[in-house]
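Enquirer: Before I ask anything, here is the structure I am working with.
Residue numbers (the working numbering): 128 to 382.
Put into C-alpha cells, the structure is as follows:
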C-alpha cells in the first residue's frame with residue numbers, strides 16, 4: 128500500500144480551523160493561507176520540532192518543514208533514529224515576511240495567538256513525548272509562552288535556514304549528542320551514524336517521507352537534492368518571483 132498522510136482528525140481539523148488571523152496582515156503572506164503541521168498527530172510523537180513559519184514549498188505541500196529547511200530537519204531526525212515518531216509545528220501558521228520577523232516575534236504573546244497555539248501544542252503531544260526542539264528565535268519565544276509544556280528535555284538550536292553555518296552546525300551537533308541519550312529511536316531507525324561535521328553535506332539532508340505528504344504529491348516534492356546539485360544558490364524547487372508580488376509562487380519540476 129502506498130504511504131501518505133491522510134490529514135488531521137476531525138478534532139484536529141476543528142482546532143486548526145480556529146486559527147486566528149495574523150495580528151498585522153501586511154506582515155504575512157496572508158493570501159497563501161495557513162499551514163499547520165507535518166508528522167504524527169496521533170500521540171505517538173517522541174520529538175516535537177517547533178520552527179518559525181511556513182515557506183513557499185510548505186504552501187505547495189500543505190505541510191510544515193518540507194522544503195530545503197525541512198529536509199535539513201528531517202536529516203536531524205534521521206540522526207536521532209526517528210523515521211516516524213515526530214511532529215513538526217510552527218510558531219506562526221502563516222508565512223512571515225523576513226523584514227517583519229522581529230516585530231512579529233513580539234506579537235506571539237497576543238492572547239488569541241497564544242491561546243490557539245498552545246492548544247495545538249497541547250493536543251499534538253502525549254506522554255510518549257521525550258523532547259522538544261525549538262529551532263530559531265521565533266520558536267524559542269513560542270515555546271517560552273507554552274506554559275503547559277510537558278517536563279521533557281528542551282533543546283534550543285539555530286533555525287535550519289540560518290546563514291551562520293558554523294553556529295548552526297555547532298548547535299545541531301551538540302543537540303544530536305544530547306538527544307541521542309534521551310530519545311528512543313524507531314525500530315527501523317539508527318542513531319549511531321555520523322553526527323554533523325565542519326560543513327553541511329548532502330548526506331545531512333533526508334527527503335521528506337511519503338507518509339508525511341498528502342496522497343498524489345509528485346515524487347520529487349520534499350526532495351530538492353536535484354536543485355542543490357546544480358550550480359548557483361537555489362536550494363528549493365519552489366520560490367517567489369523577483370520582485371515578489373506577494374501572490375505568486377514559482378514551482379519547477381526536475382528536467
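Glycine is no exception: its CB is placed at the ideal position from the N, C-alpha and C atoms.
In this text, all values refer to a predicted model and were calculated from it rather than measured experimentally.
What's the gap between the Cα of residue 250 and the Cα of residue 142?
Expert: Whole-angstrom Cα-Cα distance: 9 Å.
Enquirer: Since residue 354 contacts residue 287 with CB under 8 Å, what's their CB separation in whole angstroms?
Expert: The Cβ separation is near 16 Å, so there is no contact.
Enquirer: Please return the same chain residues whose Cβ sits closer than 7 Å to the Cβ of residue 378, not counting the five positions on each side in sequence.
Expert: 187, 364 and 365, listed in sequence order.
Enquirer: Please identify the residue among 217, 277 and 153 whose C-alpha is closest to the C-alpha of residue 224.
Expert: Ranked by Cα distance from residue 224, the options 217, 277 and 153 are led by 153.
Enquirer: Exposed or buried, what is residue 198 when buried is set at 16 or more other beta-carbons lying within 10 Å of its beta-carbon?
Expert: buried
Enquirer: Would the stretch 317–326 and the stretch 203–220 be scored as touching if the rule is three or more Cβ pairs under 8 Å?
Expert: Judged by pairs of C-beta atoms under 8 Å, the stretch 317–326 touches the stretch 203–220, as three or more such pairs exist.
Enquirer: Return the CA-CA distance between residue 381 and residue 184, expressed in angstroms with no decimal places.
Expert: 15 Å
Enquirer: Going by CA-CA distance only, name the one from 267, 172 and 369 that's closest to residue 178.
Expert: 267
Enquirer: I'd like the ranges of any alpha helix (DSSP H) spanning at least 4 consecutive residues and lying wholly in the stretch 236–316.
Expert: 238–251, 264–271 and 292–306
Enquirer: Under 8 Å: do the stretch 129–145 and the stretch 339–347 share three or more Cβ pairs, one atom per stretch?
Expert: yes
Enquirer: Could you give the residue range of the alpha helix (DSSP H) that holds residue 200?
Expert: 195–206
Enquirer: Using alpha carbons as the reference points, say which of 173, 337 and 349 lies closest to residue 362.
Expert: 349
Enquirer: Pairs of beta-carbons, one from the stretch 212–227 and one from the stretch 159–174, closer than 8 Å: are there three or more?
Expert: yes
Enquirer: How many angstroms separate the CA atom of residue 328 from the CA atom of residue 216?
Expert: 25 Å
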